[in-house]
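A short worksheet on the structure shown next.
Protein chains in written order, with the numbering used here: chain A, 20 to 304; chain B, 141 to 351.
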């Protein structure tokens, strides 16, 4: 691992606090002896997460037919591993407040991430054998390395963005980062995920969303996040022409087993329709 | 990586030698890079590109001879009427008038004919969230100006919340507009804010001719 990246990430721990409830649920999910009741207890000790969880469980995000009014019911319907994803997803924006910077507003940053998460979840439901909630959270976190770079290396980060603007062809930001600093935000995000011991699925999706062929453990999830990232750009700039944004690695579609012509535009539209409610659920403070 | 240019840097028209130009792989041509407040006119097969937030660019060409160019400007954010009056001018629209007149006059001076001119407008995004919609002011100004001059807008992509990257080839009239993601907003806003400060600091009188 590039020592620059490790050094860069080392100091970040004190600026970002992963929610306690996520850490506790994470331990319980990994523990074969834990029960749904244990996880419901852990959730109930965090009133703020309890409220957010029930709001999400009753939103069109899940589209459940019955009202979910109690935590144990939410856990059994939604699933323990999915609850772990939600514990991270619903607090992600406030967790990263410490990584403030002048290059991008947090509102814009998280909106792109949320578009990506929505698109990834929509695609994951159509691709088989993927956990849509895990992919959602991975996509929500896919650019966290960007926040580290913007906060720790503001000058180089600015140079990279200027390189994009000067390119006349809008080269991808990660390529500009590699040119100006020798590494990119995906690598930094991957290192951060390792340091935090995030689930390996999240780590791979974050680290390889621009380099899907290196994702060996979760190739389909990484490919989903790669595709969703580009669809998120289309949703944001309100275009249905893939020529307006960076190209999608054609192999990504093969890896996830979806047909671009069939799902691409509908996914962009669905993400646009879902963004307002999702912002309230996931980015509301 | 970067390929070698397949041609020599074409000669710039007199008065435009200072504009930064470089070979661009993506387009296989030399391209001039405009900063806020600059403009460029050419007869060559070369591109002109810029990035726009609330600023606006008019791309104007003679569709017969191919001479044409691009400007990049913004009306001062708060009409600083006292300063402008002191300089013998009425309102902040003056700044836009200069930008448009300069571009058109240089095109005419280099063989363009007024009756052949076609105009494309880009920019004027609403990306300075806390202020008045300065982008819309710029759009309204540019459209009015073009109408008053009896010219024709053949295409435009203006307003809304996006910054834009515009690449224009006057010789062919081809233009490529890319809406940019919000990640780029702050840097573009900073560039435009710096430009506004320079306008405020030195009102246009002096180095600008009145036409």
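Quick reminder that beta carbons are idealized off the backbone N, C-alpha and C, glycines included.
The three-state reading of DSSP puts residue 204 of chain B in coil, since its state is none of H, G, I, E or B. Contact between the region 106–122 of chain A and the region 281–295 of chain A is absent, with fewer than three C-beta pairs closer than 8 angstroms. Residues of the region 255–276 of chain A whose Cβ lies closer than 9 angstroms to any Cβ of chain B, in chain order: 255, 256, 257, 258, 263 and 264. By the CB criterion at 8 angstroms, residue 335 of chain B and residue 176 of chain B fall inside the cutoff. For residue 69 of chain A, DSSP records no beta bridge to any residue.
With 16 or more neighbouring CB atoms inside 10 Å of its own CB, residue 212 of chain B falls in the buried class. Annotation: Cβ neighbours of residue 166 of chain B in chain A (cutoff 8 angstroms, chain order): 186, 187 and 188. Secondary structure at residue 253 of chain A: helix, using DSSP grouped into helix, strand and coil. Rounded to the nearest whole angstrom, the C-alpha separation of residue 250 of chain B and residue 253 of chain A is 40 angstroms. Counting only residues of its own chain and dropping the five nearest sequence neighbours on each side, residue 178 of chain A has a CB closer than 7 angstroms to the CB of 199. Between residue 244 of chain A and residue 161 of chain A, the gap from beta carbon to beta carbon is short of 8 angstroms. For residue 287 of chain B, the closest C-alpha among the options B:188, B:237 and B:172 is that of B:237.
In this chain, the alpha helix (DSSP H) harbouring residue 288 of chain A covers 279–297. Between residue 274 of chain A and residue 239 of chain A the beta-carbon gap is near 6 angstroms, inside 8 angstroms, which marks them as a contact. Taking the Cβ atoms as the reference, residue 247 of chain B lies roughly 16 angstroms from residue 187 of chain B, outside the contact range of under 8 angstroms. Taking all protein chains in view, the Cβ of residue 144 of chain A is surrounded by fewer than 16 other Cβ atoms within 10 Å, so the residue is classified as exposed. Short of 8 angstroms from the beta carbon of residue 86 of chain A, and not among the five residues preceding or following it, lie these beta carbons of its own chain, in chain order: 77.
When the Cα atoms are used, residue 299 of chain A and residue 136 of chain A turn out to be separated by approximately 14 angstroms. Per DSSP, the beta bridge partners of residue 297 of chain B are B:262. Interface criterion met: the Cβ of residue 192 of chain A is under 8 angstroms from a Cβ in chain B. In the three-state reduction of the DSSP assignment, residue 318 of chain B falls in the strand class. For residue 209 of chain A, the enclosing alpha helix (DSSP H) begins and ends at 204–214. Against chain A, a Cβ distance below 7 angstroms from residue 189 of chain B picks out 187.
No residue range can be given for residue 264 of chain A, since it is assigned to no alpha helix (DSSP H) and is classified by DSSP as neither H nor E.
If you check the CB distance, residue 69 of chain A and residue 63 of chain A come in under 8 angstroms. By the beta-carbon neighbour count (other beta carbons within 10 angstroms, threshold 16), residue 203 of chain A is buried. Within the region 119–142 of chain A, contact with chain B at the beta-carbon level (separation under 8 angstroms) is assigned to 121, 122, 123, 124, 127, 128, 130 and 131. Your pair residue 299 of chain B and residue 279 of chain B checks out as a contact, with CB atoms roughly 6 angstroms apart and the cut at 8 angstroms. Inside the region 107–162 of chain A, DSSP marks no whole beta strand (DSSP E) run of 3 or more residues. Annotated three-state conformation of residue 215 of chain B is coil, per DSSP.
Straight through space, the alpha carbons of residue 166 of chain B and residue 269 of chain A are spaced by roughly 20 angstroms. The beta carbon of residue 156 of chain A lies closer than 6 angstroms to those of 104, 107 and 108 in the same chain, with the five residues before and after it left out.
In the three-state scheme derived from DSSP, where H, G and I count as helix and E and B as strand, residue 268 of chain B is classed as coil. When Cβ-Cβ separations below 8 angstroms define contact, residue 238 of chain B makes no contact with chain A. Your pair residue 202 of chain B and residue 252 of chain B checks out as a contact, with CB atoms roughly 4 angstroms apart and the cut at 8 angstroms.
Comparing alpha carbon positions, the residue from B:145, B:272 and B:197 closest to residue 285 of chain B is B:197.
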